[in-house]
Amino acid sequence: MTRILLFLLFFVIPSFAFGADLVPCGGPGEEACQACHLVGLVNGVITWLIGILGTIAAIIIVYAGIKLVTSGGNVSAKTVAHSMMTNVIIGFVIVLAGWLLIDTIMKAMVNDDNYGMWNVVQCVEQPKAGEKHLVYSNPSTALSGVSGWGTGSLSGSMVATCDADGINSDGSLNYNCTAQVAQCQSTASIATVNTVAGTVTCTSSYGGTTDSSGLGQCNPSNGACSVSALMGYGLSSEQANIMSCIAMTESSGIPSTPPYNTVHPGSNSSACGTFQIVGTTWRGVATGACADFSNCQNASCNAQVMSSLVQSNGYSDWTCANCNNKADDCVARYGGS
Amino acid sequence: MSKLSYILITFILGLLLAIGITLYIKNKPTLVIENKVTYTDSSVILPSTTGSPVEVINFLKDPAVIADAQNPGLYFVGNTFLKGSDNSVPAYVVTYEEKNGYFNIALLVKPLARARLDAEKYLENFLNIDENSLCSLSYTVSVPGYVDEAASGIDYRFSFCPDNVPL
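First to last, the protein sequences are chains A and B.
Numbering-wise, my numbering comes out as the position in the first sequence, counting from 1, plus 244.
Numbering-wise, my numbering comes out as the position in the second sequence, counting from 1, plus 111.
Listed below in structure tokens is the structure:
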């Protein structure tokens with residue numbers, strides 16, 4: 245009986261076929277192997293063994309059931325079948341409880357609501373020296389002591405790998421860089437996201453440590469025009485990076501900036517608020533509670549109008565001739581991130 | 112006692128142990144470092160970029176601090192855009208974000224170097240803190256494009272801080 249069971253286990257049951265996928269890398273069309281894949285391999289073996297155990301348990305339960313039915317008046321055979329069934333069920337419950345136990349303990353230790361199942365391993369591509377996206381030449385040391393940063397530094401820029409949170413339709417990994425961008429911005433630095441490589445390059449935004457244009461962005465604590473705040477108004481990461489820079493050049497990122505001709509009565513410019521939007525433009529775009537131009541100093545209204553303008557006209561309201569000569573530099577510096 | 116009873120008791124004890132460990136880990140006091148500002152009646156503890164928070168008097172109660180009517184939580188410290196604290200044309204404007212403890216300083220007149228010196232001197236006296244503490248605050252010193260387009264878009268920092276940009 246045991247021999248038949250072993251034969252079924254290793255040569256017939258479908259679970260064994262999963263073994264062929266245990267090595268998730270290095271094959272044709274697969275990514276190159278890295279250290280993380282070793283963890284993936286061990287994890288795959290564990291998952292495969294649990295699958296095998298489930299099959300064994302099912303077979304033994306069926307076998308014990310048949311034995312129970314065919315035992316007739318034989319008390320000894322009946323007891324053996326009973327204990328066989330009980331032991332299998334207890335054993336399988338212990339296996340599953342062990343899995344649940346580790347999952348619970350891991351979740352408690354990690355203390356992160358976004359933490360998934362403990363046995364889900366996602367390997368992400370590690371940053372390689374010489375990648376083209378590492379374009380900023382000046383170092384930021386602000387993150388040198390922060391976990392996850394600095395291991396992939398090139399020319400002083402700090403690099404971190406984003407979290408993989410799924411697989412795209414083309415088979416590539418989808419990255420979530422929110423945490424890394426927030427960490428970078430918490431040190432008042434500029435985060436440049438490479439969505440293909442899944443990395444964030446963090447460069448100091450302060451003068452003297454930026455690239456030749458010297459252009460910075462609104463401080464991450466500035467609720468009117470920080471990159472994260474602008475993304476809340478429907479801008480993409482790239483748009484938010486560019487507009488945060490433009491806000492710095494326009495108003496120093498101060499939403500309360502009154503219409504220019506209020507402070508300078510001789511002027512005919514009504515440029516107002518964080519993004520220095522003029523009255524005629526405002527009235528053509530603003531709606532609802534923000535419709536009246538008197539709301540131009542309200543950070544939220546100004547950002548909403550700006551967002552509508554960017555979505556419909558790109559950056560032309562700022563890069564136009566005689567508008568803001570530095571807006572083009574902002575697009576060049578923060579575009580393509 | 113049967114073998115099954117032993118297994119069940121061991122399993123239950125193991126489960127209780129695991130639940131105990133989990134509860135202990137969950138309730139263990141952990142060090143949480145938050146970059147938040149704290150307000151009391153008499154003081155404000157401002158977040159610092161160097162790690163140690165900076166405690167100052169609760170300047171929001173000072174009559175020189177004016178709430179921005181259009182943006183709740185935003186304050187003008189001293190000057191407004193229209194009027195300097197001494198009724199002169201303002202050389203700079205300092206705004207303060209209550210939520211993040213962030214100071215935004217805009218230099219409004221030339222020479223810009225002079226305006227920066229005035230702004231930093233004012234803040235140093237107003238907050239009654241030394242230069243090192245001032246450097247560690249969350250702040251920006253910049254020039255709006257309508258004042259000087261060529262100088263705009265750069266965080267100049269305070270002149271006495273190590274990361275300052277000459278004006």
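Don't be surprised by glycine CBs; every beta carbon is placed ideally from N, CA and C.
Residue environment for B:Lys147: exposed (fewer than 16 other C-beta atoms within 10 angstroms of its C-beta).
Within the DSSP bridge table, the entry for A:Leu344 names no partner.
A:Ser538 and B:Phe187 have their C-alpha atoms some 19 Å from each other.
Following the DSSP letters along the chain, one finds B:Phe269 in no alpha helix (DSSP H), marked with neither H nor E. With its beta carbon at least 8 Å from every one in chain B, A:Pro509 lies outside the interface. Residues of chain B whose Cβ lies closer than 9 Å to the Cβ of A:Gly532 do not exist; the shortest such Cβ separation is about 16 Å. If you draw a straight line from the Cα of B:Ile123 to the Cα of B:Ile132, it is about 14 Å long. By the Cβ rule, the stretch 471-489 of chain A does not count as touching the stretch 234-246 of chain B, because fewer than three pairs are nearer than 8 Å.
For the stretch 559-573 of chain A, the beta-carbon criterion of a distance under 7 Å to any beta-carbon of chain B is satisfied by Asn568, Asn569, Lys570. Within 10 angstroms of the beta-carbon of A:Lys570 lie 16 or more other beta-carbons, which makes it buried. Between A:Asn546 and A:Thr518, the gap from beta carbon to beta carbon is short of 8 Å. Non-local C-beta neighbours of B:Thr161 in its own chain, meaning closer than 7 Å and more than five positions away in sequence, comprise Ser247, ordered along the chain.
Secondary structure note for B:Tyr186: its beta strand (DSSP E) is the uninterrupted segment 185-188. Within the stretch 222-274 of chain B, the beta strand (DSSP E) runs of at least 3 residues that lie entirely inside it are, in chain order, 249-253. Distance between A:Leu553 and A:Asn287, taken at the CA atoms: about 50 Å. A:Met329 is positioned such that its CB atom lies no closer than 8 Å to that of A:Ile310.
Within 10 angstroms of the beta-carbon of A:Asp414 lie fewer than 16 other beta-carbons, which makes it exposed. Within the DSSP secondary-structure output, B:Tyr213 pairs in a beta bridge with B:Glu208, B:Ser249. Within chain A, the C-beta atoms nearer than 9 Å to that of B:Leu126 come from Ala341, Leu345, in chain order.
Taking a beta-carbon distance threshold of 8 Å, B:Val254 counts as an interface residue toward chain A. Contacts with chain B at 8 Å (Cβ-Cβ) include A:Leu459.
Against chain B, the beta carbon of A:Glu494 has neighbours under 7 Å at Pro255, Gly256, listed in chain order.
B:Pro222 sits exposed, since fewer than 16 C-beta atoms from the chains shown fall within 10 Å of its C-beta. The beta carbons of A:Cys574 and A:Thr501 sit no closer together than 8 Å.
A:Ile296 is outside the set of residues whose beta carbon lies under 8 Å from a beta carbon in chain B. The Cβ atoms of B:Leu219 and B:Tyr207 lie no closer than 8 Å to each other. The bridge partners DSSP lists for A:Thr443 are A:Thr405, A:Asn438. Proximity of chain A to B:Ala202 at the Cβ level (cut-off 9 Å) is not reached, the minimal Cβ distance being about 13 Å.
Closer than 9 Å at the C-beta level to chain A, one finds these residues of the stretch 153-166 of chain B: Pro158, Thr160. Where A:Asn485 is concerned, there is no enclosing beta strand (DSSP E), although the alpha helix (DSSP H) around it starts and stops at 481-495.
Going by DSSP, A:Val507 is part of the alpha helix (DSSP H) stretching over 504-507.
At least one C-beta of chain A is nearer than 8 Å to the C-beta of B:Gly264.
Taking a beta-carbon distance threshold of 8 Å, B:Tyr117 does not count as an interface residue toward chain A.
Close to B:Tyr213, with beta-carbon spacing below 7 Å, are these residues of chain A in chain order: Asn463, Ser465, Asn466. Using a 10 angstroms sphere on the CB of B:Pro201, the tally of other CB atoms reaches 16 or more, which defines it as buried. Going by DSSP, A:Leu474 is part of the alpha helix (DSSP H) stretching over 471-475.
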